[in-house]
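Participant: According to our numbering, the sequence shown is numbered sequentially starting from 3. Just so it is clear, CB atoms sit at the ideal spot from N, CA and C, and this is done for glycine as well.
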Amino acid sequence: MFFILSKILFFLIKPTFWILLLIISSIIFKNKRKKLLYISLFAFWFFGNGYIVDISYRMWEDDAISVSELDKTYEYGIVLGGFSEYDNKKDRIEFNDCGDRLFHAIHLYKTGIVKKILVSGGNGQLINEGYLEADWSKKFLIECGIPTEDILIENKSRNTYENAKYTSELLSDNTENLLLITSAWHMKRADLCFQKFNLNCDKFPTDYTTKDKQFDLGYLFLPNSSSYEKWETLIKEWVGFVVYKIKF
3 MFFILSKILF FLIKPTFWIL LLIISSIIFK NKRKKLLYIS LFAFWFFGNG YIVDISYRMW
63 EDDAISVSEL DKTYEYGIVL GGFSEYDNKK DRIEFNDCGD RLFHAIHLYK TGIVKKILVS
123 GGNGQLINEG YLEADWSKKF LIECGIPTED ILIENKSRNT YENAKYTSEL LSDNTENLLL
183 ITSAWHMKRA DLCFQKFNLN CDKFPTDYTT KDKQFDLGYL FLPNSSSYEK WETLIKEWVG
243 FVVYKIKF
């Protein structure tokens, strides 16, 4: 039930949903049309502004670190799912913007920073079609030359809370010397959950928002479609973090 309610809540907080609702309201409530249209226009510009959303991401994200800054060896590099989908017709994995989670884990393994890779991720959809991210990720890792004995998977989780819960059960008493690998914008919520289950992890944030973007007039002032999607992800993290804080 909590999983279903969280999916509904995350849909309702989408900026595009509220912009559409404001426009519809301006049509229905004629006496407030002008005010609602102004608010709609401002919301359209604000949530579409790339500069504003990037600043918001950088304020929220954990600071990125380089591989050279890791001065110890970890028993497990724990990779959180949500970085891929599987094309069953083509029999191949398709990575999204979070693919760096797995790529960095491979690099950390190859350089000897992590001894083993643990992938935590099942199916996060309301309707589970049987495709489990950890399963196809294991196949990909093996094809990349990583021995089967150095790969551990957890394929039951549907969200970050369950990532931590099932990973703790899988690792049992091995709760030290762990490296948590996930997106920089996701790290705070993930770390909160893993601490709840007494998994004391160092952090390796990936796909973070860079600070050296080219500042031009379009970037500073004009809306762009990708910013709305980025806001949805960030607001989801904020709400999820607060919900988990209350839940814990």
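When you compare only the Cα positions, how much space is there between Ile155 and Leu219?
Facilitator: So the alpha carbons of these two residues sit roughly 46 Å apart.
Participant: Using alpha carbons as the reference points, say which of Arg160, Ser139, Val245, Ala192 lies closest to Tyr88.
Facilitator: When each option's Cα is compared against that of Tyr88, the closest is Ser139.
Participant: Taking the C-alpha atoms as reference points, what is the distance between Pro17 and Asn51?
Facilitator: If I take the Cα positions, the gap works out to 12 Å.
Participant: Relative to the alpha-carbon of Ser122, which residue among Leu182, Thr150, Ser227, Tyr111 has its alpha-carbon at the smallest distance?
Facilitator: Residue Leu182 is the option with its Cα nearest to Ser122.
Participant: Return the CA-CA distance between Phe97 and Gly84, expressed in angstroms with no decimal places.
Facilitator: For Phe97 and Gly84, the distance between alpha carbons rounds to 9 Å.
Participant: Threshold first: 3 residues or longer. Then list the beta strand (DSSP E) segments lying entirely within the region 129-156, N to C.
Facilitator: Qualifying beta strand (DSSP E) stretches, in chain order: 153-156.
Participant: Below 6 Å CB to CB, which residues in the same chain sit around Lys247 once its five sequence neighbours on both sides are set aside?
Facilitator: Cβ within range, chain order: n/a, list empty.
Participant: Is there a Cβ from chain D that is less than 7 Å from the Cβ of Ile248?
Facilitator: Note that chain D does not occur in the displayed structure, where there is just one protein chain.
Participant: If you count every other CB in all the chains shown that lies within 10 Å of the CB of Leu128, and 16 or more means buried, which is it?
Facilitator: Annotation note: pLDDT 47 at Leu128 (below 50); position unreliable, coordinate value reported separately. Counting Cβ neighbours within 10 Å, Leu128 comes out exposed, since fewer than 16 surround it.
Participant: In the structure shown, what three-state DSSP assignment does Lys205 receive?
Facilitator: Lys205 falls in the strand class under three-state DSSP.
Participant: So, at 7 Å on beta carbons, what are the nonlocal neighbours of Tyr230 in its own chain, with the 5 sequence-adjacent residues on each side left out?
Facilitator: For Tyr230, where only same-chain residues beyond five positions count, the Cβ hits under 7 Å are Pro17, Thr18, Phe49, Gly50.
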